[in-house]
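Novice: So the sequence lines, in the order shown, correspond to chains Z and F. In the numbering used here, each residue's number is its place in the first sequence (first place is 1) plus 280. In the numbering used here, each residue's number is its place in the second sequence (first place is 1) plus 60.
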Amino acid sequence: MAAATARGAEQWTLEALTDLVFRILRDELLSVGPEFTPRSSLVESGLDSLAVTQLLLAIEERAGVWLDEGLLTPENLASAEALAACVHEQLLQTG
Amino acid sequence: MSSSSRPADLPLTGGDCFLRAFDAEARGWHRSSHCSQLVLRLGPDFDPAAFRERLAEVVRANPILRAPIVRPWGVAPPVYRLAWAERCAPPRVELHQAPAPPPVTGVRPLPEVFFARLNDVLALRRGELLRFDVVRWADGRSDLAMTWAHMLFDGSGSERFVAWLERIHRGERRPDDLSPDEAFGASETAGDGLPEASFRERGRVATLWQSRMKALGARAPGSLAGPRRRVRQRLRYTLDTLGPEETARVVARARERAGFLTPVLFYLAAAIRAHDAIFRKRGLEPGSYVVPLPVNLRPRGKAAGALFRSHVSILWFQVTPDQVQDFAGLVAELKEQRLASIKAGLVEHGAVAMDMARYAPKRCYAWMARRMLRGEAASCFFAFTNEFLPETTSFFGAPIENGFHAPAVMPSPGSGAIMSLREGRLNLAHVHQEGVLADDERALLRERLLADLLGG
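(1) Name the chain F residues that come within less than 7 Å of Z/Q334, Cβ to Cβ?
(2) Would you mind working out which of F/R177, F/R309 and F/E483 sits nearest F/F326, comparing C-alpha positions?
(3) For the alpha helix (DSSP H) that contains Z/T298, what are its first and last residues?
(4) Report the option in F/E117, F/E256, F/P359 and F/P150 whose CA atom is closest to the CA atom of F/R233.
(5) Would a check of beta-carbon distances place Z/S329 closer than 7 Å to chain A?
(6) Quick one, which of F/A280, F/Q270, F/A205 and F/A334 has its alpha-carbon nearest F/P151's?
(7) Note down, in chain order, all residues in the region 339-356 of chain F with a beta-carbon under 9 Å from any beta-carbon belonging to chain Z.
(8) Can you give me the Cβ contacts of F/W89 inside the same chain, cut-off strictly under 6 Å, excluding the 5 residues immediately before and after it?
(9) Kindly indicate if chain F contains any beta-carbon less than 7 Å away from that of Z/S311.
(10) Check the Cβ of F/G74 against every Cβ in chain Z and list those closer than 7 Å, keeping chain order.
(11) Going by alpha carbons, who is nearest to F/F175 out of F/N356, F/A329, F/R272 and F/S96?
(12) Rounded to whole angstroms, what is the Cα-Cα separation between Z/D299 and F/P67?
(13) Using the beta-carbon count (16 or more within 10 Å), is F/E393 buried or exposed?
(14) Please work out which residues of its chain come closer than 6 Å, Cβ to Cβ, to F/L488, disregarding the five sequence neighbours upstream and downstream, and give them in chain order.
(15) Please name the residue, chosen from F/D512, F/E494 and F/Y419, that lies closest to F/V130 on a Cα-to-Cα basis.
(16) List the DSSP bridge partners of F/T165.
(17) With 7 Å as the threshold, decide whether the Cβ of F/G322 is near any Cβ in chain Z.
(18) With a cut-off of 7 Å, does the C-beta of Z/E355 fall near any C-beta of chain F?
(19) Kindly identify the DSSP beta-bridge partner or partners of F/Q157.
(20) Kindly give me the distance between the Cβ atoms of F/L504 and F/A330, rounded to whole angstroms, as I take these residues to be in contact under 8 Å.
(21) Got a sec, what are the start and stop residues for the beta strand (DSSP E) F/L486 sits in?
(22) Return yes when the Cβ of F/V194 is within less than 7 Å of the Cβ of F/F464, no when it is not.
(23) Please return the same chain residues whose Cβ sits closer than 7 Å to the Cβ of F/H94, not counting the five positions on each side in sequence.
(24) Assign F/Q493 to buried or exposed, taking buried as 16 or more other Cβ atoms, counted over all protein chains shown, within 10 Å of its Cβ.
(25) Tell me which residues of the region 290-324 of chain F have at least one Cβ-Cβ distance to chain Z shorter than 9 Å, keeping chain order.
(26) Starting from the Cα of Z/W346, find the closest Cα among Z/A358, Z/L363, Z/S359 and Z/P354 and give me that residue.
(27) Assign F/E451 to one of three DSSP states: helix, strand, or coil.
(28) Using a 10 Å radius around the Cβ and a threshold of 16 neighbouring Cβ atoms, would you call Z/Q373 buried or exposed?
(29) To the nearest angstrom, how far is the alpha carbon of Z/S320 from that of Z/E361?
(30) Relative to the C-alpha of F/G410, which candidate in F/T165, F/M273 and F/T452 has its C-alpha closest?
(31) Applying a beta-carbon distance threshold of less than 8 Å, which residues of chain F neighbour Z/S359?
(32) Between which two residues does the alpha helix (DSSP H) harbouring F/G476 extend?
(33) Who are F/V350's beta bridge partners in DSSP?
(34) Quick check on DSSP: helix, strand or coil for F/H210?
(35) Starting from the Cα of F/S216, find the closest Cα among F/G474, F/A443, F/M470 and F/S472 and give me that residue.
(36) Does the CB of Z/G326 have a neighbour CB from chain F at under 7 Å?
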């Protein structure tokens, strides 16, 4: 939450969010190699429901936004990039 | 793994020790082992000779499959004594002829011998960890049960093992080609999120988890069998397999009610409500229903994951009979509890607590859990293991017509609902202790479960 407070919702650009989501997945949640990119399929990379929840909690802690679980569709979970876009959208909406 | 690089002992994981505690309880109180079973319903042309041959090669290359489980010096964490495996007999494979021809229409009955195996006593100290029973029907089809001491594999590991055997049969893998990671997992503590923490810190976390368990006991949980008592374990199971259209309906309802991410909570809610229906029929209202949900701790992603040993933690859910009455409300409550538990780190804390229990006497964990839950272990057992053996369509020459898990349920709680999907069909296995549910109660449980799964 500290990061979000310091940074402010308006400062989370799509690029910064994509990088954040990608780093959390690569470094903390998934056991993946250098072939994993922001466009890689998350399901094929081994993302499961527990990891998604842990990811949402990490995003909330660092970006200060809790992604509505109703938005967790196969399309939004297709890649780190797609998920970041969804988070960004929600950030803009919640101000 | 070559024999020269193989360790003499392999520690049991925390999950293994958790299951070993219930195995000790099953031996001491119910004259049985705590086993699990995977059943394959096969079409024609199963080749038992090839199966025996490949299995013998696999056992020679992987001594854990017949390694005695011992506790060095009586105090250190228990181990699979790989060094003694060669002195032990390989897993038994028994062929049985079905007593009667299969019915002309409908599904053939489940073989009685499978139920008997679930209630057998395995000699863990003599390396008896695994056995196979094959029942051949007059029409050439077969049923195969793999029954194992529950700590040798978890549900996911057992499926990986069966898929690996089939790939060996096809010549795509070799009996000796498992890397240590693929065989055993990275380490005993890798999945718990605190592998680097000090013993003291791990103890603190385990105590937190213990407090959570204690809190579950505050609203006295109830099970259909009641608190533990000395009875002979006599488990049986029934299987319902839904057709593709019904299954598609259930899967769509699960997504709609519990979300794309957590359909498991839809199935859990249905299982709790089915058990609640029997409590109500009996005119009983326990303080709460407490149900554990196993959580897979294998690394997600490129790492192949482990075949052997248990790699699980547990999430506990608790609801009151009042909360059970509204299905949508119950699903929402379970979702909330799941999120709160994950947020509080209870998946990791549970794994640490089970790891710490490796140092305790083997019955200690089950004794503590029952003490905290007022003699109960849970209100019922539940698992939804998703796709069963995806991508494996045949086994040693025979097409797999169906397959499912039937893990042992302790005589208390005496009832468990185990669900999985196989090629677009939902399997509902109800494992129960004989005498805990009357025939009309089992019919009610089934009726209520199907009504909730399928909807109006």
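Ideal Cβ placement from N, Cα and C applies to all residues, glycine included. The structure presented is a predicted model; accordingly, all values stated were derived computationally and were not measured.
Specialist: The answer reads as follows:
(1) What you label residue 334 of chain Z is simply residue 54 of the first sequence in a count that begins at 1. Correct list: I402.
(2) Counting from 1 along the second sequence, the entry for residue 326 of chain F is found at position 266. Nearest of F/R177, F/R309 and F/E483 to F/F326, Cα basis: F/R309.
(3) Position 18 of the first sequence holds residue 298 of chain Z. Residues L294 to I304.
(4) As a first step, residue 233 of chain F is located in the second sequence; it is residue number 173 there, counting from the start. It is F/E117.
(5) No chain A is part of this structure, whose protein chains are labelled Z and F.
(6) The count along the second sequence starts at 1 and reaches residue 151 of chain F at position 91. Comparing Cα-Cα distances from F/P151 to each of F/A280, F/Q270, F/A205 and F/A334, the minimum goes to F/A205.
(7) V355 and N356
(8) As a working mapping, residue 89 of chain F is identified with position 29 in the second sequence. Setting aside the 5 residues that flank it on each side, F/W89 is surrounded in the same chain by R290, each with a C-beta closer than 6 Å to its C-beta; the list follows chain order.
(9) Mapped onto the first sequence, residue 311 of chain Z falls at position 31. Z/S311 counts as touching chain F.
(10) On the second sequence, position 14 is the one that residue 74 of chain F refers to. Result: empty, since nearest Cβ-Cβ is about 17 Å, beyond 7 Å.
(11) Here residue 175 of chain F is taken as the residue at index 115 of the second sequence, counted from 1. That would be F/S96, whose Cα lies nearest to the Cα of F/F175.
(12) Residue numbering aside, residue 299 of chain Z sits at position 19 when the first sequence is read from its first letter. Residue numbering aside, residue 67 of chain F sits at position 7 when the second sequence is read from its first letter. Their backbone Cα atoms lie some 42 Å apart in a straight line.
(13) For this step, residue 393 of chain F is matched to residue 333 along the second sequence. With 16 or more Cβ atoms within 10 Å of its Cβ, F/E393 is classed as buried.
(14) Position 428 of the second sequence holds residue 488 of chain F. D300 and M479.
(15) In the second sequence, residue 130 of chain F corresponds to position 70, counting from 1. Check the Cα spacing between F/V130 and each of F/D512, F/E494 and F/Y419: the tightest is with F/Y419.
(16) On the second sequence, position 105 is the one that residue 165 of chain F refers to. Per DSSP, none; premise fails for F/T165.
(17) Along the second sequence, read from residue 1 onward, the residue named residue 322 of chain F stands at position 262. Gly is not the amino acid found at residue 322 of chain F; the sequence shown has Thr there. Using beta-carbon distances, F/T322 counts as an interface residue toward chain Z, with a partner under 7 Å.
(18) Here the question's residue 355 of chain Z lines up with position 75 in the first sequence. No, Z/E355 lies away from the interface with chain F (no Cβ there is under 7 Å from its Cβ).
(19) For this step, residue 157 of chain F is matched to residue 97 along the second sequence. DSSP, once it has assigned bridges, lists F/R196 as partnering F/Q157.
(20) Start at 1 with the first residue of the second sequence, and residue 504 of chain F comes out as number 444. Start at 1 with the first residue of the second sequence, and residue 330 of chain F comes out as number 270. Contact flag wrong, Cβ pair sits at about 14 Å.
(21) Locating residue 486 of chain F in the second sequence gives position 426, counting from the first residue. Unbroken beta strand (DSSP E) run through F/L486: R485 to Q493.
(22) Counted from its first residue, the second sequence places residue 464 of chain F at position 404. Counted from its first residue, the second sequence places residue 194 of chain F at position 134. Going by C-beta atoms, F/F464 is not nearer than 7 Å to F/V194.
(23) On the second sequence, residue 94 of chain F is found 34 positions in, with the first residue counted as 1. Once the five neighbours on either side are set aside, the close Cβ partners of F/H94 are L79, F82, D83, A86, H210 and A468.
(24) Residue 493 of chain F sits at position 433 when you count from the first residue of the second sequence. Buried, since its Cβ has 16 or more Cβ neighbours within 10 Å.
(25) Closer than 9 Å at the C-beta level to chain Z, one finds these residues of the region 290-324 of chain F: G319, F320, L321, T322, P323 and V324.
(26) In the first sequence, counting from the first residue as 1, residue 346 of chain Z sits at position 66. It is Z/L363 whose Cα lies nearest to the Cα of Z/W346.
(27) On the second sequence, residue 451 of chain F is found 391 positions in, with the first residue counted as 1. Assigned with DSSP and collapsed to three states, F/E451 falls in coil, not helix or strand.
(28) By 1-based counting over the first sequence, the position of residue 373 of chain Z is 93. By the Cβ neighbour-count rule, Z/Q373 is exposed, with fewer than 16 other Cβ atoms within 10 Å of its own.
(29) Taking the first sequence and counting its residues from 1, one reaches residue 320 of chain Z at position 40. Taking the first sequence and counting its residues from 1, one reaches residue 361 of chain Z at position 81. Straight-line Cα distance between these residues: approximately 9 Å.
(30) Locating residue 410 of chain F in the second sequence gives position 350, counting from the first residue. When only C-alpha atoms are compared, the closest one is F/M273.
(31) Here residue 359 of chain Z refers to the residue found at position 79 of the first sequence. Correct list: empty, because the minimum Cβ distance to chain F is about 14 Å.
(32) Within the second sequence, residue 476 of chain F is the residue found at index 416, counting from 1. Run containing F/G476: none in the alpha helix (DSSP H); it sits in the beta strand (DSSP E), S475 to R482.
(33) Mapped onto the second sequence, residue 350 of chain F falls at position 290. In the DSSP output, where bridge partners are listed per residue, F/V350 has F/Q378.
(34) The count along the second sequence starts at 1 and reaches residue 210 of chain F at position 150. Of the three classes helix, strand and coil, the one that applies to F/H210 here is coil, per DSSP.
(35) Walking along the second sequence from the start, residue 216 of chain F turns up at place 156. Closest option to F/S216, Cα to Cα, is F/A443.
(36) Counted from its first residue, the first sequence places residue 326 of chain Z at position 46. Z/G326 counts as touching chain F.
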